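Below: the structure, in structure tokens.
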Amino acid sequence: MSDHSVVLFSYGTLRQREVQLSVFGREVSGTPDQLPGYELSMVEISDPEVIAISGATHHPILRATGSAADVVEGTALRLSEDELAAADDYEVDDYRRALVPLASGLHGWVYAADHDGPGA
């Protein structure tokens, strides 16, 4: 599918050129955006394939705070449904995908900590 109508808010490794080429097979441009009500934390990655792609053993992860004062800077990427599925495959089990309102007024998918998990 070549329709790039899906919005994915990225604040971490999916903004890296090397990761995009590996996951999507292309460089993905986007527009700066913000996600209110969340803060960044770090999570240790143990999946060797993800570490090889990103070059890092620790990745940023979003945690919901519910406070409008907490804002995470990122990029709204335009993807196809197939590319979103590829991003799902790339992300490890510590992340869950949720549809969220962005500061720009767009609604986009984001990978964040599981609200039912530790540290939530």
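Going by UniProt numbering, the letters in the sequence shown line up with residues 1 to 120, in that order.
Note that the Cβ used here is the ideal one computed from N, Cα and C, for glycine as well.
Model, not experiment: these values are computed from the prediction.
Less than 8 Å between the C-beta atoms of residue i and residue j, yes or no?
{"i": "residue 147", "j": "W109", "result": "Nothing in the structure corresponds to residue 147, since the chain is present only between 1 and 120."}
{"i": "G61", "j": "A112", "result": "With the sequence shown as reference, residue 61 is identified as Ile, and Gly is not the correct amino acid for it. Closer than 8 Å, so yes."}
{"i": "S10", "j": "L77", "result": "yes"}
{"i": "L8", "j": "A87", "result": "yes"}
{"i": "V19", "j": "D94", "result": "no"}
Have a look at the options and flag the residue whose alpha-carbon is nearest the alpha-carbon of residue i.
{"i": "L40", "options": "V71, V7, A103", "result": "V71"}
{"i": "L84", "options": "H59, V23, T13", "result": "V23"}
{"i": "S46", "options": "D82, R26, Y90", "result": "Y90"}
{"i": "G25", "options": "V100, H107, D82, P48", "result": "D82"}
{"i": "R15", "options": "H107, E73, G105", "result": "E73"}
Between residue i and residue j, how many whole angstroms is the CB-CB distance? I'm expecting something under 8 Å.
{"i": "T31", "j": "T75", "result": "7 Å"}
{"i": "V50", "j": "V92", "result": "6 Å"}
{"i": "residue 123", "j": "D3", "result": "Since the first and last residues shown for the chain are 1 and 120, residue 123 lies out of range."}
{"i": "H59", "j": "T13", "result": "6 Å"}
Flag residue i as yes if its beta-carbon sits less than 8 Å from any beta-carbon of chain C, otherwise no.
{"i": "G74", "result": "Looking at the structure shown, chain C is missing, and only one protein chain is on hand."}
With a threshold of 8 Å, are at least 3 pairs of Cβ atoms found where one atom belongs to the stretch 26-36 and the other to the stretch 47-55? no
Please go through the stretch 4-56 and give each complete alpha helix (DSSP H) segment of 4 or more residues, from N-terminal end onward. 17-24, 48-54
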